[in-house]
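Under my numbering, the very last position in the sequence shown is 585; numbers go up by exactly one each time. Where is the CB? At the ideal position from N, CA and C, for every residue including glycine. Bear in mind that the values here come from a model prediction, so they are computed numbers and not experimental data. Below you'll find the structure, written out as structure tokens, and then a few comments.
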Amino acid sequence: MKSKHPARLRFFGATDTVTGSRYLLESGGTRILIDCGLFQGYKRIRDRNRTPFPVPPASIDAVLLTHAHLDHTGYVPALVRDGFTGPVYATHGTSELCKLLLPDSGHLQEEEARYAEYRGSSVHSPALPLYTAADAVKSLNSFRPQDFDAPLELGDGIEATFLPAGHILGAAQIHLSAEGHSIHFTGDLGRADDPLMFAPRDLESVDVLVTESTYGNRTHPAEHPEDLLGDVVRRVAKRNGVILIAAFAVGRAETLLLHLSRLRHKGLIPDIPVYLNSPMAIDASYMYRKHREEHRLRANEFEEMYKLATMTRTADDSKLLNLRGGPMIIISASGMLTGGRILHHIEAYGPDPKNALILSGYQAGGTRGAALTAGNHDLRIYGQDVRIRAEVIPIEGFSAHADADGIIRWMRTALQAPRMTYITHGEPEASDALRARIKREMGWSARVPEYLESIQLENPH
Numbered sequence: 125m126k127s128k129h130p131a132r133l134r135f136f137g138a139t140d141t142v143t144g145s146r147y148l149l150e151s152g153g154t155r156i157l158i159d160c161g162l163f164q165g166y167k168r169i170r171d172r173n174r175t176p177f178p179v180p181p182a183s184i185d186a187v188l189l190t191h192a193h194l195d196h197t198g199y200v201p202a203l204v205r206d207g208f209t210g211p212v213y214a215t216h217g218t219s220e221l222c223k224l225l226l227p228d229s230g231h232l233q234e235e236e237a238r239y240a241e242y243r244g245s246s247v248h249s250p251a252l253p254l255y256t257a258a259d260a261v262k263s264l265n266s267f268r269p270q271d272f273d274a275p276l277e278l279g280d281g282i283e284a285t286f287l288p289a290g291h292i293l294g295a296a297q298i299h300l301s302a303e304g305h306s307i308h309f310t311g312d313l314g315r316a317d318d319p320l321m322f323a324p325r326d327l328e329s330v331d332v333l334v335t336e337s338t339y340g341n342r343t344h345p346a347e348h349p350e351d352l353l354g355d356v357v358r359r360v361a362k363r364n365g366v367i368l369i370a371a372f373a374v375g376r377a378e379t380l381l382l383h384l385s386r387l388r389h390k391g392l393i394p395d396i397p398v399y400l401n402s403p404m405a406i407d408a409s410y411m412y413r414k415h416r417e418e419h420r421l422r423a424n425e426f427e428e429m430y431k432l433a434t435m436t437r438t439a440d441d442s443k444l445l446n447l448r449g450g451p452m453i454i455i456s457a458s459g460m461l462t463g464g465r466i467l468h469h470i471e472a473y474g475p476d477p478k479n480a481l482i483l484s485g486y487q488a489g490g491t492r493g494a495a496l497t498a499g500n501h502d503l504r505i506y507g508q509d510v511r512i513r514a515e516v517i518p519i520e521g522f523s524a525h526a527d528a529d530g531i532i533r534w535m536r537t538a539l540q541a542p543r544m545t546y547i548t549h550g551e552p553e554a555s556d557a558l559r560a561r562i563k564r565e566m567g568w569s570a571r572v573p574e575y576l577e578s579i580q581l582e583n584p585h
């Protein structure tokens, strides 16, 4: 029988990194895990995926997910395999996207293990995946889809509500009430001016706020990303080059197709072939069609942007693109070059200076995308060093995250200050910069928690 204890918040991830979102709320003997993400980026961070979970998975009563990206959901299969038997609550959009993302993640884990075995680079013999595609499929049985704005009783007087966050389909802020405390998690907060998703719901008055800080030390460029994209396409197409666009399969691919469709409609880019080479992004498009109440696009605009691209599903068709040559545009995952079909295209087209590679969003430290952004043009891909001579163009304006100004503006919608604001889900310099702005500009109490820190919630007023 679980013992009673004062409400505590424990930070199991996203504290000194922009990945691995995991927070544990303990109240009245009940344990609720908010987000269950993978650590990504630097190896010392990724190694945390392999360490035993800080509490026994079987002791967790429920998991709540803010949205479907793997840094928020990708550890769910391992948690279920290792003993978690409770429900996984998420919005309908998040639950449906996880049916794509989690099995694909398991498949990639197995591929990486096979490659590590072949290279002899694993400490295990045989090399072991973090989890398998079968583990991921099994974990989907735990999902219990929820409506936005519908209070959810979790036991011991704990209540949760999913509130729109923008960002991607199904993305939610999560508002929890426990022992007289109100605790609010932003998840990944969307942009007020996002061309695809609606703005995040305003912040209500809360006792404790846990906010992301992905862009905590930056603001998005003033120049419209569509204009930058048009410039690149015109320039590279003129020299018969290939434009590779590294995109997150869910959300970013749709945004890019929308901008390309608008540019083509205005006659601002040439009529060159566009390929969407991501089966996951293709499948996600049907979900965006199904949940039109969550995004801004009119039906005709949605249809036009998908007519623009040739959908590439099979591995053979993907390989043929590497033989085709330019001019053409290929949109492919992953967005930070951590895996996926984009790596094969970079192998084929990256060494040629007439081509271009667009990095369309945030690049976490320790990823190939971050290395290229920092000016390192030698990438290790499938055991080989590839010299990148293609033009590398980061366009951060495509990001679906609120920037530092956007987060501050969103916070100003609250009628009163939280007792404490915890800044998470950012690289250390970004989290600390946002902390300083919150204290200076808002006058709020704010701090950056430490990895595995446990905080007892103060008595409510």
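Practice problem: Could you check the C-alpha separation between P584 and D280 for me, to the nearest Å? | Solution: For the purposes of this step, residue 584 is taken as the residue at position 460 of the sequence shown. For the purposes of this step, residue 280 is taken as the residue at position 156 of the sequence shown. With a pLDDT of 47 at P584, under the threshold of 50, the predicted position of this residue should be treated as unreliable, and no value is reported.
Quiz item: When you compare only the Cα positions, how much space is there between T190 and P573?
Solution: In the sequence shown, counting from the first residue as 1, residue 190 sits at position 66. In the sequence shown, counting from the first residue as 1, residue 573 sits at position 449. Roughly 20 Å between the two C-alpha positions.
Quiz item: When DSSP builds the beta bridges, which residues end up paired with L300?
Solution: Residue 300 sits at position 176 when you count from the first residue of the sequence shown. L300 pairs with A284, I307.
Exercise. Under 8 Å by Cβ, that's how I've got Y91 and D140 pegged, so tell me the actual separation to the nearest angstrom.
Key: Nothing can be reported for residue 91, as the shown portion of the chain is limited to 125 through 585.
Exercise. Closer than 6 Å by C-beta to G408: which residues in its own chain qualify, once you throw out the five before and the five after it? Chain order, please.
Key: As a working note, residue 408 is residue 284 in the sequence shown. One detail in the question is off: residue 408 reads as Ala in this sequence, not Gly. For A408, where only same-chain residues beyond five positions count, the Cβ hits under 6 Å are V374.
Self-check item: Distance, N479 Cα to P542 Cα
Solution: Residue numbering aside, residue 542 sits at position 418 when the sequence shown is read from its first letter. Residue numbering aside, residue 479 sits at position 355 when the sequence shown is read from its first letter. Going by the C-alpha atoms only, they are around 50 Å apart.
Quiz item: How far does the beta strand (DSSP E) with N500 in it reach, from first residue to last?
Solution: Taking the sequence shown and counting its residues from 1, one reaches residue 500 at position 376. Run containing N500: none; DSSP gives neither H nor E here.
Quiz item: For R422, does the three-state DSSP call read helix, strand or coil?
Solution: One-based indexing of the sequence shown puts residue 422 at position 298. It is coil, neither helix nor strand.
Quiz item: Are the beta-carbon atoms of I532 and R492 separated by less than 8 Å?
Solution: The residue you call residue 532 lines up with position 408 of the sequence shown. The residue you call residue 492 lines up with position 368 of the sequence shown. No, the Cβ-Cβ distance between I532 and R492 is not below 8 Å.
Quiz item: Identify the residues that DSSP records as bridge partners of V330: which are they?
Solution: By 1-based counting over the sequence shown, the position of residue 330 is 206. None, per the DSSP bridge assignment.
Quiz item: Enumerated in chain order, which unbroken segments of the beta strand (DSSP E) with a length of 3 residues or greater are wholly contained in the segment 441-473?
Solution: 452-456
Exercise. Thinking P211 and R155 are a contact (beta carbons under 8 Å), I'd like their distance in whole angstroms, please.
Key: If you number the sequence shown from 1, residue 211 lands on position 87. If you number the sequence shown from 1, residue 155 lands on position 31. Wrong, their Cβ atoms sit about 13 Å apart, outside the cutoff.
Self-check item: Beta-carbon proximity check, P518 vs L467, cutoff 8 Å
Solution: Within the sequence shown, numbered from 1, the residue matching residue 518 stands at position 394. Within the sequence shown, numbered from 1, the residue matching residue 467 stands at position 343. Contact: no.
Quiz item: Between which two residues does the alpha helix (DSSP H) carrying T588 extend?
Solution: Nothing in the structure corresponds to residue 588, since the chain is present only between 125 and 585.
Practice problem: Counting only runs of 3+ residues fully inside the segment 523-579, write out the beta strand (DSSP E) ranges in chain order. | Solution: 544-548
Quiz item: When the distance is taken between beta carbons, is T256 closer than 8 Å to G230?
Solution: Counted from its first residue, the sequence shown places residue 230 at position 106. Counted from its first residue, the sequence shown places residue 256 at position 132. Yes. Within cutoff.
Quiz item: If you count every other CB in all the chains shown that lies within 10 Å of the CB of T343, and 16 or more means buried, which is it?
Solution: Against the sequence shown, residue 343 aligns to sequence position 219. With fewer than 16 Cβ atoms within 10 Å of its Cβ, T343 is classed as exposed.
Quiz item: So which of I512, I292, G144, S385 has the shortest CA-CA distance to L496?
Solution: For this step, residue 496 is matched to residue 372 along the sequence shown. With distances taken between Cα atoms, L496 lies closest to I512.
Self-check item: According to DSSP, residues forming a beta bridge with A480
Solution: Working through the sequence shown from its first residue, we reach residue 480 at position 356. Bridge partners of A480: I367, E515.
Quiz prompt | Per-residue burial, R376 [other beta carbons within 10 Å of its own, 16 or more giving buried] | solution = Taking the sequence shown and counting its residues from 1, the one referred to as residue 376 is at position 252. Buried is the call here.
Practice problem: Please look up how many angstroms separate the CB atoms of T310 and E328, rounded, as I've assumed it's under 8 Å. | Solution: Counting from one through the sequence shown, the residue named residue 310 turns up at place 186. Counting from one through the sequence shown, the residue named residue 328 turns up at place 204. Actually they do not touch by this definition, with Cβ atoms about 12 Å apart.
Quiz item: Based on Cα-Cα distance, which residue from V330, R388, A260 lies nearest to V357?
Solution: For the purposes of this step, residue 357 is taken as residue 233 along the sequence shown, with counting starting at 1. If we check each option's Cα against that of V357, R388 comes out closest.
Self-check item: Proximity to G474 [Cα-Cα], best of I369, L278, A557
Solution: As a position in the sequence shown, residue 474 is number 350, starting the count at 1. Cα-wise, what sits closest to G474 is I369.
Quiz prompt | As assigned by DSSP and simplified to three states, the class of G375 | solution = Reading the sequence shown from its first residue, position 251 is the one you call residue 375. Coil at G375, not helix or strand.
Self-check item: Neighbourhood of N364 by C-beta distance below 6 Å, restricted to the same chain and skipping five residues each side
Solution: Taking the sequence shown and counting its residues from 1, one reaches residue 364 at position 240. Around N364: G450, P451.
Self-check item: Simplified DSSP state of T335, which is helix, strand or coil
Solution: Working through the sequence shown from its first residue, we reach residue 335 at position 211. Strand, per DSSP.
Quiz item: Considering only the beta carbon of each residue, do S306 and V330 sit closer than 8 Å?
Solution: By one-based count along the sequence shown, residue 306 stands at place 182. By one-based count along the sequence shown, residue 330 stands at place 206. Contact: yes.
Practice problem: Can you tell me which of N341, M404, V200, L133 puts its alpha carbon nearest to the alpha carbon of F177? | Solution: In the sequence shown, residue 177 corresponds to position 53, counting from 1. With distances taken between Cα atoms, F177 lies closest to V200.
Exercise. Count the C-beta pairs between the segment 217-224 and the segment 260-276 that are closer than 8 Å, then say yes if the count reaches three, no if not.
Key: yes
Quiz item: Near A289, which residues of its chain fall below 8 Å by C-beta distance, leaving aside the five closest residues on each side in sequence?
Solution: On the sequence shown, residue 289 is found 165 positions in, with the first residue counted as 1. Cβ neighbours of A289 beyond the five flanking positions: T190, H191, A295, A296, Q297, T310, G311, D312, L313, G314, P324, R325.
Quiz prompt | Closest residue to E582 among T218, E471, M544 (Cα-Cα distance) | solution = The count along the sequence shown starts at 1 and reaches residue 582 at position 458. Ranking T218, E471, M544 by Cα distance to E582 puts M544 first.
Practice problem: Tell me whether P269 sits in a helix, a strand or coil according to DSSP, three-state version. | Solution: Here residue 269 refers to the residue found at position 145 of the sequence shown. Residue state, collapsed to three classes: strand.
Quiz item: Where do the ends of the beta strand (DSSP E) carrying L276 lie?
Solution: In the sequence shown, residue 276 corresponds to position 152, counting from 1. Per DSSP, L276 belongs to the beta strand (DSSP E) from 276-279.
Self-check item: Strand pairing of I156, partner residues [DSSP]
Solution: The residue labelled residue 156 in the question sits at position 32 within the sequence shown. BP columns for I156 point to L149, A186.
Exercise. Please name the residue, chosen from P403, I454, R134, that lies closest to A439 on a Cα-to-Cα basis.
Key: Within the sequence shown, residue 439 is the residue found at index 315, counting from 1. Of the candidates P403, I454, R134, the one whose C-alpha sits nearest the C-alpha of A439 is P403.
Quiz item: In chain order, what residues of the same chain have a beta carbon less than 6 Å from the beta carbon of F163, not counting five sequence neighbours either side?
Solution: If you number the sequence shown from 1, residue 163 lands on position 39. Cβ within range, chain order: T143, G144, I169, R170, R172, N173.
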